[in-house]
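Read through the structure below, which is laid out as structure tokens, and then see the notes.
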Amino acid sequence: MKNIKPFILILPFVFCLQSTQAQITGVIPGFKSTALLENIEGVKIPVKADQEGRFKVNTAQLKKGFYTITDIGTVYLEPSYSVAISKVNKGYVFTGVGAVENNLIQEFNQPIPNLQTNSGYGVSMAMLLTEPDQFIPLLDAYEKEANLKLEKSKRIFFKTIKSQDIAYAKRYFLFNYIRFYGLDSTKKDSLNKYLRTPLAQRTKDHAQKQYKAYLAQFTKKFTAEERKKVSEMAFTDWDPNNELLFKNSGEYRTAISNRLNFLTYAKEREKLRDSLKSEERVKLLIIEKELTNPYINEYFTAESVILLIKKSTETSAINDVYAAFMKRPGNPMYKEKVSLAYQYLKGTEKNALAPDFSYPNSKGTLVTLKSMRGKYVYIDLWATWCVPCIAELPDLKKLGVLYGDKKISFVSISVNEASTKQVWLDFLEKNNLPGIQLMADQDFSSDFVKKFGVNSIPRFILIGPDGRVIDNDAKRPSNPALVTQLNGLFEGDNM
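With mature numbering (1 follows the signal peptide of the UniProt record, and there is no 0) applied, the sequence shown corresponds to residues -24 to -1, 1 to 471, in that order.
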């Protein structure tokens, strides 16, 4: 018995030692205090940093797999890992147990020479003029080289998942190649001329001319056979029901999303889209047919139901879809998200009391919606980078002049990111924008923006003098019907 006692005493110590070592640490100056370590399955662990950007997260209870950390991006963790992160230039370097796999992830995040750039088109501009029979071998070579790099790791699970993730990254390159094939970067002068035209000098048909200049950049088209081949590779010639890969690969999830969009907007479903009058309803039918794995099916069904709710102006239009989703058995996390989107719509549909906001103007003074009671309020949600938004500004200026003596406030709320505040301020000064100019506090994540279910801009909202919603998806300034609507409101007030 005397020989056994030391063994019994050592076991708890060994267990505790392993538990305390299972962690991820870092010192990253300026690291967000609201950062999260999370994954697709609902894991959300706060990553709390001190003033120096120092943080530590215990990961002993996490199963092995791929996670994301706010701002840092994808990380790979196993229960035995004790890994430290430091910021070097624009990337991150990992040390400790687990460093090999995470440094490989960082390496894969770097732009691929001759294939990928930061041009905004997903692939380099030169690739967009490359014939498919030359471009596809380049993708195959990228995949082969990336898989050779994976041999640095001894972790079988990591290599298996990451190898498949690379295959779907290849499909993402192909997806962007299909979208922009034939675009010639030497033909951009005409488009740039329209983009740089000051608002005051833009004619009524400026937007149409600008779009025509955009199309003129495309100097090549796929043959029918080429389009069929690349579309099958990108969208349909693979299995969308691998649950383990879905939970661990962002590239795979993106590929499934692109596949659903491709099938939704296919020419053969044009009549179905017209009859249902909703792309999301069509997509829901496709999800039921294509996604036979219950976990993946529920994820994309919830996503489409939420988008359908956001695109709707009243709850009565989507009550059937909402009720059907809430009745089906499934993950409470998704039901909570769908329910929240529904409650947001219910709280912003016609006659609902509009949620308030408190946003700063260009001088830093906070302005609230409630302070405008007694007037109609026409709200424009926009951003300086949004071309369609900017196209509406000349007509918005005209409305300000037309109704200068009426009880109506024209409020423009920018959803620019906080880091681009100076860009917004410079734009206001350069273009002498009228009305009340405000900037949302958290761009698209701002409370007011989320409650109105805004998923694209420009978006216009009309509020009555009593603070109640008249139209949660109002007509654009360039639409003559808006003037008719406003005139009707003012005439009714005078009766």
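Don't be surprised by glycine CBs; every beta carbon is placed ideally from N, CA and C.
Source: prediction; values computed, not measured.
Between Thr44 and Glu14 a beta carbon distance of about 6 Å is seen, short of the 8 Å cut, so the two are scored as contacting. Taking C-beta atoms as the reference points, Tyr354 and Phe436 count as a pair closer than 9 Å. For Pro331, the closest C-alpha among the options Leu321, Gly226 and Gly340 is that of Leu321. Considering only Gln413, Val391 and Asp141, the residue with the shortest C-alpha distance to Ile81 is Asp141. With respect to the 9 Å criterion, Ala(-3) and Tyr57 are classified as neighbours on the basis of their beta carbons. With respect to the C-alpha of Ala293, the residue from Thr277, Asn237, Ser388 and Tyr318 having the closest C-alpha is Tyr318. When DSSP states are grouped into helix, strand and coil, Pro434 belongs to the coil group.
In the three-state reduction of the DSSP assignment, Arg229 falls in the helix class, which pools H, G and I. As summarised for the region 347 to 379, the continuous beta strand (DSSP E) elements at least 3 residues long and confined to that stretch are 352 to 358, given in chain order. Taking the CA atoms as reference points, Tyr170 sits about 44 Å from Asn273. Rounded to whole angstroms, the separation of the alpha carbons of Leu53 and Gly226 is 15 Å. By the C-beta density criterion, Ala394 is exposed, having fewer than 16 other C-beta atoms within 10 angstroms. Shown here for Phe151: same chain residues with a beta carbon closer than 6 Å to its own, the five before and five after excluded, namely Ala210 and Asn234 in chain order. For the pair Tyr271 and Trp361, the Cα-to-Cα distance works out to about 37 Å. For the region 3 to 90, the full-length alpha helix (DSSP H) segments reaching 4 residues or more read 75 to 84 along the chain. Where Thr277 is concerned, there is no enclosing beta strand (DSSP E), although the alpha helix (DSSP H) around it starts and stops at Pro270 to Lys287. According to DSSP, residue pairing for Met415 in a beta bridge involves Ser390. Per the coordinates, the alpha-carbon of Pro456 lies some 49 Å from the alpha-carbon of Leu115. In terms of CA proximity to Lys426, Leu316 leads the group Ile412, Leu316 and Asn307. Using a Cβ distance threshold of 9 Å, Phe386 and Ile366 do not count as a contacting pair. For Pro113, the uninterrupted alpha helix (DSSP H) run begins and ends at Pro108 to Lys125, by DSSP.
Between Phe333 and Thr344, the beta carbon gap of about 6 Å places them in contact (Cβ cut-off 8 Å).
Around the beta carbon of Lys223, a 10 Å sphere encloses 16 or more other beta carbons of the protein chains shown; the residue is thus reported as buried. For the options Asn237, Asn269, Thr268 and Glu266, the alpha carbon positioned closest to that of Ser254 is the one of Asn237.
Classified as buried, Phe134 has 16 or more neighbouring CB atoms from the shown chains inside 10 Å of its CB. Looking at Gln193, Ala299, Val3 and Val19, the one whose alpha-carbon comes closest to that of Phe70 is Val3. With respect to Asp419, Val459 sits apart: the two C-beta atoms are not nearer than 9 Å. With a 10 Å radius around the Cβ and a threshold of 16 neighbouring Cβ atoms, Arg229 comes out buried. When the Cα atoms are used, Glu17 and Lys406 turn out to be separated by approximately 47 Å. In the structure shown, Val445 adopts extended strand secondary structure according to DSSP, grouped into three states.
Here the C-alpha atom of Glu28 lies approximately 11 Å from the C-alpha atom of Ser9. Taking 8 Å as the upper bound for CB-CB distance, Pro364 and Leu414 are not in contact here, some 20 Å apart.
Per DSSP, the unbroken beta strand (DSSP E) holding Leu342 starts and ends at Leu342 to Thr344. Rounded to whole angstroms, the gap between the alpha carbons of Glu368 and Ile282 is 28 Å. Residue pairing of Ile(-1) in beta bridges, as defined by DSSP: Val33 and Val59. When C-alpha distances from Lys20 are compared across Tyr157, Thr46 and Phe194, the shortest belongs to Thr46.
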